[in-house]
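What follows is a single structure, written as structure tokens, with notes after it.
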Amino acid sequence: MDIKLFSLCNQDSQEAEKGKEFILKCVKDFFPECNGFAEFTSQKRMLVAISQSLLAADIVLVAVQSAMYNATKRMLCAALDTKTAENGEVSAVLSSRPDAKKMKQNFFKASVTFPEAATILPTSDYLNCGFALTSGGQHIIYMPVEDIKAQQIILGSLYDYFAELSEPCAASHALKNRHRALIECAVNKLSADSVRVALAGNDGAEYLISFLKKNDKSVFTVDMDYELPDDVTDIKKLAIQIARNVREKNRTELGVYISNPFVSEDDGNMLCAYIAVANAEGTKTYKLISEPGETPKELLRACADKLLLILCDYERIASFVEESEEEKAADKSFKDILGIAASSIVLAASIAGFITALILR
């Protein structure tokens, strides 16, 4: 597949350069022939270049600096003549923020407005989320360029997106690279904060454990001798208890457990698994539900990646058991991303219309 990368930055930024490196590494895991970014400082010049690339490219990825992010998103949507709307998921999360009332109305509206048929590629705080549009075999991806938010989208969404567009062998290799990158991200974050993690070494954690290197053991303690509580049969309560037990036994800041897959009658007899993360204040659970046709092994790989994403942002683990609405939305996006490539939407009426729109604006 032919992929073209575009970046828009109106000022030099080390964060943007690092972000482009992260994006390019992900892209090359799937499309090694990619030549890198075409760099722009002008919105209209970049949009004209995008219109020309759409004549032949299968995938167009656009990475934009935060200072111009919402304005460029609006211009791109106008040029593509695609209908926009407030995204309910993003709006709900941003509205629930403690500082929501301090957000300017125009900024809030711009932050929650996306192409109506787009799939959202969320950042951890849902500010400057990316999106993906697909039509037939052609795709447009829009995302922030700065390193932190770019990496959140790359590890949380982009690898899975590209995997759906690639041959199984290439996708399998690339997703292993994503898993290694997630481990590196988590280890770096936890090491910097002197946080250690005790991991119950059951079958559910086997995939994650297989990737841990010797140096990672300074952060991760794998407990193969954890005890199963005798009086607990509920799988969710069991996950909570084991996460607490391994934390206390190993005297670490965090204790984690990935349950073995089970069939849930409450979820339409779908295959499910729990992740439990315990800290000094309490334990939080996350429930992942399989996609139709997804095997137990594939579900556990998704659980391993989800756990690593949690650990990369471990400060957000609160002292209550249930997930927040924001986290439930993130879980939904994490699983839904596997179906992005099947979206049936229209990018634009024509390339001529695209360029005409730019001239008129």
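Residue numbers for the sequence shown follow the numbering used here, so the first one is 3 and each next one is one higher. Virtual Cβ for every residue (Gly too), placed ideally from N, Cα, C.
- Item | Delimiting residues of the alpha helix (DSSP H) encompassing threonine 74 | For the purposes of this step, residue 74 is identified with residue 72 of the sequence shown, where counting begins at 1. Looking at the DSSP string, the run of the alpha helix (DSSP H) that includes threonine 74 is 71-82.
- Between tyrosine 276 and chain B, is there a C-beta pair that is closer than 8 angstroms? Among the chains in the structure shown there is no chain B, since it carries only a single protein chain.
- Could you tell me the distance, in whole angstroms, from the CA atom of threonine 254 to the CA atom of tyrosine 144? Position 252 of the sequence shown, counted from the start, is the residue given in the question as residue 254. Position 142 of the sequence shown, counted from the start, is the residue given in the question as residue 144. Cα-Cα distance, rounded: 40 angstroms.
- Residues near phenylalanine 39 in its chain [Cβ-Cβ closer than 6 angstroms; skip 5 each side]: Locating residue 39 in the sequence shown gives position 37, counting from the first residue. So the qualifying residues of the chain are Leu7, Ser9 and Lys22.
- Query: Taking the alpha helix (DSSP H) that glutamate 17 falls in, what are its first and last residues?
  - Reply: Counted from its first residue, the sequence shown places residue 17 at position 15. 16-32 is the span of the alpha helix (DSSP H), which, as asked, contains glutamate 17.
- Message: With a threshold of 7 angstroms (Cβ to nearest heavy atom), would valine 92 be considered close to the ligand GDP?
- Response: By its list of ligands, the structure shown contains no ligand whatsoever, and the ligand GDP lies outside what it can speak to.
- Task: Verify whether the separation of the beta carbon atoms of arginine 246 and threonine 285 is less than 8 angstroms.
- Result: As a working note, residue 246 is residue 244 in the sequence shown. As a working note, residue 285 is residue 283 in the sequence shown. Yes, they are a contact pair.
- Residue range of the beta strand (DSSP E) that glycine 132 falls in? The residue labelled residue 132 in the question sits at position 130 within the sequence shown. Segment 132-137, the beta strand (DSSP E) holding glycine 132.
- Measure the alpha-carbon distance for asparagine 179 versus leucine 301 and round it to whole angstroms. Looking up residue 179 in the sequence shown gives position 177. Looking up residue 301 in the sequence shown gives position 299. Distance between the alpha carbons of asparagine 179 and leucine 301 is about 18 angstroms.
- In chain order, each beta strand (DSSP E) run of at least 3 residues that lies wholly inside the region 159-213: 199-202
- beta strand (DSSP E) containing leucine 273: first to last residue? The residue labelled residue 273 in the question sits at position 271 within the sequence shown. Note, leucine 273: beta strand (DSSP E), 272-280.
- State whether the region 305-318 contacts the region 190-206, with contact taken as three or more CB pairs (one from each stretch) at a distance under 8 angstroms. yes
- Task: Leaving aside the five residues before and after glutamate 17 along the sequence, list all residues of the same chain whose C-beta is less than 6 angstroms from its C-beta, in chain order.
- Result: For the purposes of this step, residue 17 is taken as the residue at position 15 of the sequence shown. The residues are Glu148 and Asp149.
- Message: Could you tell me the alpha carbon to alpha carbon distance between aspartate 2 and serine 113, rounded to whole angstroms?
- Response: This structure leaves residue 2 out entirely; the chain is present only between 3 and 363.
- For alanine 278 versus isoleucine 237, is the C-beta spacing smaller than 8 angstroms? Position 276 of the sequence shown holds residue 278. Position 235 of the sequence shown holds residue 237. Not closer than 8 angstroms, so no.
- Give the DSSP bridge partners of isoleucine 5, in chain order. As a working mapping, residue 5 is identified with position 3 in the sequence shown. Looking at the DSSP assignment, isoleucine 5 forms a beta bridge with Ile61.
- Nearest candidate by alpha-carbon position, reference glutamine 67, set Asn281, Pro298, Phe164 and Leu129: Taking the first residue of the sequence shown as 1, we reach residue 67 at position 65. Among Asn281, Pro298, Phe164 and Leu129, the Cα nearest to that of glutamine 67 belongs to Leu129.
- Check glutamate 283 in the structure and name its three-state DSSP category. Position 281 of the sequence shown, counted from the first residue, corresponds to residue 283. If DSSP states are grouped into helix, strand and coil, glutamate 283 belongs with coil.
- Message: So, under 8 angstroms CB-CB, leucine 157 and leucine 311 are touching, yes? Tell me the CB distance rounded to an integer number of Å.
- Response: For the purposes of this step, residue 157 is taken as the residue at position 155 of the sequence shown. For the purposes of this step, residue 311 is taken as the residue at position 309 of the sequence shown. The pair is a contact, with the Cβ atoms about 7 angstroms apart (cut-off 8 angstroms).
- Message: Could you give the first and the last residue of the continuous beta strand (DSSP E) run that contains valine 95?
- Response: Position 93 of the sequence shown, counted from the start, is the residue given in the question as residue 95. Taken as a continuous stretch (DSSP letters only), valine 95 belongs to no beta strand (DSSP E), being part of the alpha helix (DSSP H) at 90-97.
- Message: Assuming proline 298 is part of the alpha helix (DSSP H), what are its boundary residues?
- Response: Working through the sequence shown from its first residue, we reach residue 298 at position 296. Unbroken alpha helix (DSSP H) run through proline 298: 298-314.
- Message: Between which residues of its own chain and phenylalanine 364 is the CB-CB distance below 6 angstroms, once the five residues before and five after are set aside?
- Response: Past the boundaries of the shown model lies residue 364; the chain is included only from 3 to 363, so the question cannot be answered.
- Query: Excluding sequence positions up to five away, which residues of its chain have a Cβ less than 7 angstroms from the Cβ of isoleucine 339?
  - Reply: Counting from 1 along the sequence shown, the entry for residue 339 is found at position 337. Any reading at isoleucine 339 must be qualified, since the residue scores a pLDDT of 47, below 50, and its modelled position is unreliable; no value is offered.
- Task: Leaving aside the five residues before and after glutamate 35 along the sequence, list all residues of the same chain whose C-beta is less than 6 angstroms from its C-beta, in chain order.
- Result: Sequence index remark: in the sequence shown, residue 35 carries index 33 (1-based). Around glutamate 35: no qualifying Cβ.
- Pull up the distance between the alpha-carbon of valine 1 and that of lysine 289, whole angstroms please. In this structure the chain extends from 3 to 363, so residue 1 is not present and cannot be described.
- Item | Inter-residue Cα distance where the pair is lysine 219 and lysine 46 | Mapped onto the sequence shown, residue 219 falls at position 217. Mapped onto the sequence shown, residue 46 falls at position 44. If I take the Cα positions, the gap works out to 50 angstroms.
- Message: Let me make sure I understand the geometry here. Which of Ile244, Tyr228, Val258 and Asp225 has the alpha-carbon closest to that of valine 234?
- Response: Locating residue 234 in the sequence shown gives position 232, counting from the first residue. Taking only the C-alpha atoms, the option nearest valine 234 is Ile244.
- Task: Go ahead and label phenylalanine 24 buried or exposed: buried means 16 or more other beta carbons lie within 10 angstroms of its beta carbon, across all protein chains shown.
- Result: As a position in the sequence shown, residue 24 is number 22, starting the count at 1. Buried, because 16 or more other Cβ atoms sit within 10 Å of the Cβ of phenylalanine 24.
- Item | Paired residues, beta bridge with phenylalanine 42 - DSSP | In the sequence shown, counting from the first residue as 1, residue 42 sits at position 40. Leu10.
- Task: Decide if isoleucine 342 is buried, meaning its Cβ has at least 16 other Cβ atoms within 10 Å, or exposed.
- Result: Here residue 342 is taken as the residue at index 340 of the sequence shown, counted from 1. For isoleucine 342, the predicted structure reports a pLDDT of 39, less than 50, and the residue's modelled location is therefore unreliable. A value from the coordinates is still provided. Per the 10 Å Cβ criterion, buried.
- Task: Taking all protein chains shown into account, decide if serine 97 is buried (16 or more other Cβ within 10 angstroms of its Cβ) or exposed.
- Result: The count along the sequence shown starts at 1 and reaches residue 97 at position 95. Exposed: under 16 other Cβ atoms inside 10 Å.
- Item | Where glutamine 154 falls: helix, strand or coil (DSSP) | Here residue 154 is taken as the residue at index 152 of the sequence shown, counted from 1. Helix, per DSSP.
- Closest to arginine 318 by CA distance: which of Val50, Gly295, Leu135 and Asn281 is it? By one-based count along the sequence shown, residue 318 stands at place 316. It is Asn281 whose Cα lies nearest to the Cα of arginine 318.
- Task: Determine, using beta-carbon pairs with one atom in the region 70-87 and one in the region 114-126, whether at least three such pairs fall under 8 angstroms.
- Result: yes
- Item | Collapsed DSSP secondary structure at alanine 102 in the structure displayed | Walking along the sequence shown from the start, residue 102 turns up at place 100. Helix at alanine 102.
- Item | Secondary structure of lysine 289, DSSP reduced to three states | Taking the sequence shown and counting its residues from 1, the one referred to as residue 289 is at position 287. In the structure shown, lysine 289 sits in a strand (DSSP, three-state: E or B).
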